[in-house]
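In mature numbering (1 follows the signal peptide of the UniProt record, and there is no 0), the protein residues as written are -17 to -1, 1 to 321.
We put the CB at the ideal spot given by N, CA and C, even for glycine.
These numbers come from a predicted model, not from an experiment.
Here's the structure we're looking at; comments come further down.
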């Protein structure tokens, strides 16, 4: 038996020999039986869908592993990381796992821009079907970075939070709005807005300072951030129903004994099932809480707003398909032909 095989056999013993969480110090293993810790940040508050998913996953891993594997979550960008930096942070060994909104990850691989394409998937059923079809492509893109996809979290449909009511398409002209990826920035700019691509964590200070007057965000993200304190109007444009993904370092995962990997896989599957079930009631809960806090909700929005955004977004799907090549074409064909 090779030295590597002997080492893996040792890890698989019932005592669960513990490994350190990061690369550079990996040779200095803690005492046998010590728990393994995975640090896992998200830039979103604990009360959002991704935050609840992270807490659920951490709890289930602890239960299924008998406490020998601990997922240590951090919320609200407490780790100083935004979604666009999460895959890089995991690759660098800064953290073992992470939750990230996929929009900014299009810079890592364009396939991640799929779920936030305008008006492609705007219902729960559509978003779930699209995520299932694209899952192998997401896994492939992550594997190229030495990472594994754990689970998917759906967001509520994206709308526009604004300081003032949006009565028609003319109100989009010159609107200083935060967008969440390169595609939404281009779409809102084409509709006449002054769009700037910012993470949600970075956008909040600018909203409070008055340099940003609107945000493209879901009711869930807005509720978690209490956006109504600055932006008391919500226009339910149903721009997209995007996703966040939870990922883990492939080496951290493979270092676990088989029984631990099974615990992680089961916890991830249960978490994802919980997330898709939770979003069904979450939409009404978000709107209810928004109304309780004085948010004026335009649902449906003025027809001219929908028309302007739809027209502005027409080229986005075609551009994504061109950028992703045959893989993107296969995903769209499977989604449209389902």
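Under the Cβ criterion (8 Å, minimum of three pairs), the segment 15 to 33 counts as touching the segment 78 to 85.
With contacts defined by Cβ atoms closer than 8 Å, residue 285 and residue 174 do not form a contacting pair.
For residue 295, the CB contacts under 7 Å within the same chain, skipping 5 residues up- and downstream, are 170, 173, 174 in chain order. By the neighbour-count definition (other C-beta atoms within 10 Å, threshold 16), residue 60 is a buried residue. Spanning the alpha carbons of residue 51 and residue 246 requires a straight line of approximately 11 Å.
Residue environment: residue 269 is assigned as buried (16 or more neighbouring CB atoms within 10 Å of its CB, all protein chains considered). Comparing C-alpha distances from residue 194 to each of 208, 207, 178 shows the shortest one belongs to 178. The segment 72 to 119 contains, as complete beta strand (DSSP E) runs of 3+ residues, the segments 80 to 84 (chain order). If you keep only unbroken beta strand (DSSP E) runs of at least 3 residues inside the segment 109 to 192, you get 130 to 137, 141 to 145, 159 to 162, 177 to 180. Closest option to residue 113, judged by alpha-carbon separation, among 213, 104, 253, 209: 104. In the three-state reduction of the DSSP assignment, residue 300 falls in the helix class, which pools H, G and I.
Residue 25 sits in coil when the DSSP states are folded into three classes, being neither helix nor strand. By the C-beta criterion, the segment 218 to 236 is judged to be in contact with the segment 271 to 287, since at least 3 inter-stretch pairs fall below 8 Å. The C-alpha of residue 125 is placed about 15 Å away from the C-alpha of residue 78. Closest by C-alpha distance to residue 131, out of 153, 109, 230, 196, is 230. Taking the CA atoms as reference points, residue 37 sits about 22 Å from residue 164. Per DSSP, the beta-bridge partners of residue 54 are 21. As a beta-bridge residue in DSSP terms, residue 198 pairs with 144, 161.
Taking a cut-off of 8 Å for Cβ pairs, the segment 266 to 281 and the segment 39 to 57 do not touch, as fewer than three such pairs fall below it. Residue pairing from DSSP leaves residue 30 without any beta-bridge partner. In this structure, the CA atom of residue 110 is about 19 Å from the CA atom of residue 34. Residue 278 carries a coil assignment under DSSP once its states are collapsed to helix, strand and coil. Burial state of residue 305 is exposed, judged by a 10 Å Cβ sphere holding fewer than 16 other Cβ atoms.
With a contact defined as Cβ atoms closer than 8 Å, residue 201 and residue 139 qualify at about 4 Å. Leaving aside the five residues that flank residue 307 on each side, the residues in its chain whose CB is nearer than 6 Å to its CB run, in chain order, 93, 94.
Take the alpha-carbon of residue 120 and the one of residue 310: they are about 8 Å apart. Annotation for residue 287: no beta strand (DSSP E) segment contains it, though the alpha helix (DSSP H) segment containing it runs 286 to 295. When only Cα atoms are considered, residue 32 and residue 262 end up about 8 Å apart. Under DSSP, residue 217 takes part in a beta bridge, and its partners are 144, 280. DSSP, reduced to helix, strand and coil, places residue 232 within a strand of the structure shown.
Close CB contacts of residue 318 within its chain, under the 6 Å cut and outside five residues either way in sequence, are with 113, 116 (chain order). In this structure, the straight-line span from the alpha carbon of residue 186 to that of residue 97 is close to 23 Å. The three-state reading of DSSP puts residue 227 in strand, counting E and B together.
Residue environment for residue 188: exposed (fewer than 16 other C-beta atoms within 10 angstroms of its C-beta).
Comparing alpha carbon positions, the residue from 154, 108, 225 closest to residue 291 is 154.
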